[in-house]
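Step one of this worksheet: look at the structure below.
Protein chains in written order, with full-length UniProt numbering: chain A, 1 to 418; chain B, 1 to 418.
Structure (structure tokens):
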């Protein structure tokens, strides 16, 4: 089992951080982090709960789980506290699901860098299914049906379907009809849906909402969320899962709790207090989120425009803080400079043009595709002061360090051969 | 994979907490938690680092790893920061080792409830090897050699040897000669030693020290530690691992970092600041620890005496905060009351006598043995106020709530038939 590699997203971040520290001029779009300061009321919660040093229940204390249940219930997913498990991030919950549910795993291509490695760590077979034209984060329904049937025909057993909406890496969310199609397939083929909704609250269009698979296929959908993205708390590691009520859902929940007790014991006590506060969504949290979502949308939109102006095709981002351009239109001229696939495009952008992005092949996309993910949330600033300045600006695009970075990207991409 | 159970240690704690909340009179010795308040300087560290919301490096930031390296270096284990990984508790590190190292796993019987389930989660075969008379936490060397050779003879592949010193559940540490014997076997049989030293700093005898397998077999020993036991920070989830320098050790470290990046990302930033401070061991931390260790030794010694007076045989505790009595001398009379094995003894003590302990079979001991673990650190008090009173007392055994609990145990055990 030797020769494993660190998750490419985290590895690139470490590399770029070292190079920036050495004084290199790099615009870092390579890491899926919301670069915003901690919202002060969250710091207060952590501080006030700092004396919580007891282990407490594996699944989280009742008050915390109750707050998470309320969060889901306000999103058309009626939830009791006993359907909830909190954990140190969403990753361990996703991993536990891979460990306790039999059969293999279906993921969208491209999709977040961790789903497939987790499934393989759990000894599972993984099937990648291309995304539709309309959005990322989910397999194209027709291709999914074909993949499942082909696998069954070979005596294989696909059983878990991982969906993400809005998604990383394309920054789009699935239209209702796609969600319904996928849920219908899950019912027909008896798949467990793992719906990663960690970006759910980051939909750019005011008043926009998404249809959760848990509304359409409630008995077979586990929803995963966390505070890393909406509240920029990646470094605090707070995640939560919502399991279906009763029956199969309750059995999976109990199994995940058992695995939790062996792998991570519980979410740290002070962090549970933070979770209880944040998932209860008091007015100041909602206001902060509304303002941050507008920021994410504005900056992602600007980067999208730059990519299109540089000659890429690119889905219009509707959520999260990513764009996922395709430089296929420039394939001929790029090839003359030795840029023939995602890896060489990533390297060219970093080494020649000072722009760090993560090539699509890290997300399972075709290695020869000229696609990459740009995490636009990295543009808000390198320090909490800069980030606060960006948050507070009426137009974030005019904040000097943001405007400079956007100009850097624009100039860099203008140098791509046409 | 359905029908898993929550770790019995954590499950019992939840059950007893509910029953105490309902007003039942139970002395709770069933959970391996150091029931002491957070040391105030640790709260200050957490509070001052509360704005750390970035992910940072998977393995932990350099300053934190440097502090952990210093901690080990002061214990005759010269260590560089790049040999260290910090994590949300020691459990995920132990799990990651099971996932990245091939072959099966050898554990002592009895031993901590989580080792064997983790190995099985990783799809491994587990061999249990009885402990020697002299101590717990480690297999008897002769029995270990026999087990490995028998397994090899059957074409099986034992490859990881888990040792704990001082140990949970017996509260003893391995003499140097036993450690040397085990390391010699590991060398001969090419085993990786996982040395769980989370209780290392809790040796009751002033000036006592232990020989780490990493001193004897440095190239094949990974050491695991954490702050849950020595600093009573179980609910903060802070663990660390020290890998051998170079070669195999470096490959395993890299593999564990890769698994870390997929399962837990990193230890929460504010907790890393706590780790940096605590592992640097400033004078106030050493003083706190010295005082707490004396407390652990005094109370464990008192409970040991009660068990012996009640008719049990029991190893004299030398570390941690556990005693592990054997009521075999009372087997005949106990059988007349239907108490014939560890499970019925645990139930009898809880239901008839109001004493919660964890039967030895949960630690892999023989189911019919009349042995259990009593976690004596649970006696310090139910509230931080009581716990502080116990900590501050010249003689903790005279503190009213401690004395009452000890008297309850004494009265309860006196009711056992003889």
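In this text, a Cβ means the ideal position worked out from N, Cα and C, and glycines have one as well. This structure is a prediction, so every number in the text was calculated from the model and none was measured.
Under 6 Å Cβ to Cβ from residue i, same chain only, skipping five residues before and after it: list those, please.
i: residue 10 of chain B; result: none
i: residue 136 of chain B; result: 167, 170, 172
i: residue 67 of chain B; result: 276, 279, 280
i: residue 296 of chain B; result: 202, 321
For residue i, name the three-state secondary structure that DSSP assigns.
i: residue 42 of chain A; result: helix
i: residue 377 of chain B; result: helix
i: residue 198 of chain B; result: coil
i: residue 175 of chain A; result: coil
i: residue 255 of chain B; result: helix
i: residue 399 of chain A; result: coil
i: residue 85 of chain A; result: strand
i: residue 128 of chain B; result: strand
i: residue 1 of chain A; result: Bear in mind that a pLDDT of 39 at residue 1 of chain A, under 50, signals an unreliable position, so the number given afterwards is only what the model happens to contain. Here residue 1 of chain A sits in coil by DSSP.
i: residue 313 of chain A; result: strand
i: residue 212 of chain B; result: coil
i: residue 18 of chain B; result: helix
i: residue 409 of chain B; result: helix
i: residue 72 of chain A; result: helix
i: residue 106 of chain B; result: strand
i: residue 234 of chain A; result: helix
Mind listing the chain A neighbours of residue i? Cutoff is C-beta to C-beta under 8 Å, in chain order.
i: residue 263 of chain B; result: 91, 92, 95, 118, 121, 263
i: residue 33 of chain B; result: 54, 55
i: residue 37 of chain B; result: 51, 53
i: residue 298 of chain B; result: Neighbours of residue 298 of chain B on chain A: none; closest Cβ ~22 Å, over 8 Å.
On the criterion of 16 or more Cβ atoms from any shown chain inside 10 Å, does residue i qualify as buried, or is it exposed?
i: residue 18 of chain B; result: exposed
i: residue 284 of chain A; result: exposed
i: residue 320 of chain A; result: buried
i: residue 182 of chain A; result: buried
i: residue 163 of chain A; result: buried
i: residue 206 of chain A; result: exposed
i: residue 426 of chain B; result: This structure cannot settle anything about residue 426 of chain B, because the visible part of chain B is limited to 1 through 418.
i: residue 117 of chain B; result: buried
i: residue 201 of chain A; result: buried
i: residue 30 of chain A; result: buried
i: residue 338 of chain A; result: exposed
i: residue 22 of chain B; result: exposed
i: residue 150 of chain B; result: exposed
i: residue 376 of chain A; result: buried
Once the 5 residues before and after residue i are set aside, which same chain residues still bring their CB inside 7 Å of it?
i: residue 333 of chain B; result: 417, 418
i: residue 310 of chain B; result: 413, 414, 416
i: residue 123 of chain B; result: none
By the criterion of Cβ-Cβ separation under 7 Å, what are the contact partners of residue i in chain A?
i: residue 6 of chain B; result: 58, 257, 258, 261
i: residue 114 of chain B; result: 262
i: residue 14 of chain B; result: 57
i: residue 106 of chain B; result: Here the premise fails: no neighbours, minimum Cβ distance about 18 Å.
i: residue 289 of chain B; result: Result: empty, since nearest Cβ-Cβ is about 15 Å, beyond 7 Å.
i: residue 295 of chain B; result: Result: empty, since nearest Cβ-Cβ is about 16 Å, beyond 7 Å.
Quick one: is residue i near chain C, going by C-beta distance under 8 Å?
i: residue 100 of chain B; result: The structure shown contains no chain C; its protein chains are A and B.
Can you find the residues in the same chain that come closer than 8 Å, C-beta to C-beta, to residue i, ignoring five residues on each side of it along the sequence?
i: residue 130 of chain B; result: 108, 109, 139, 140, 143
i: residue 63 of chain A; result: 276
i: residue 387 of chain A; result: 35, 36, 37, 380, 381
i: residue 24 of chain B; result: 354
i: residue 391 of chain B; result: 36, 37, 291, 292, 295, 380
In chain B, which residues lie with their C-beta within 7 Å of the C-beta of residue i?
i: residue 43 of chain A; result: 50, 51
List the residues of chain B that residue i touches, going by C-beta distances under 8 Å, in chain order.
i: residue 211 of chain A; result: Per Cβ cutoff of 8 Å: no residues; residue 211 of chain A is ~29 Å from chain B at best.
Under 8 Å (Cβ pairs) to chain B, residues found in the stretch 46 to 59 of chain A | 46, 47, 50, 51, 52, 53, 54, 55, 56, 57, 58
Selection of the stretch 268 to 283 of chain B by Cβ proximity to chain A, strictly under 7 Å | 268, 269, 270, 271
In the stretch 223 to 253 of chain A, which residues sit with their C-beta less than 7 Å from some C-beta in chain B, listed in chain order?
-> 232, 233, 234, 235, 236, 237, 251
If contact means a Cβ-Cβ distance below 9 Å, which residues of the stretch 383 to 410 of chain A contact chain B?
-> 384
Given a limit of 7 Å on CB to CB distance, which residues of the stretch 174 to 203 of chain A reach chain B?
-> none
Members of the stretch 58 to 91 of chain A near chain B, C-beta cut-off 8 Å | 58, 88, 89, 91
Just by C-beta distance, which residues in the stretch 354 to 366 of chain A are closer than 7 Å to chain B?
-> none
Listed from N- to C-terminal order along the chain, which residues in the stretch 148 to 163 of chain A have their beta-carbon within a distance smaller than 9 Å of any beta-carbon of chain B?
-> none
According to a CB-to-CB cut-off of less than 9 Å, which residues of the stretch 370 to 381 of chain B neighbour chain A?
-> none
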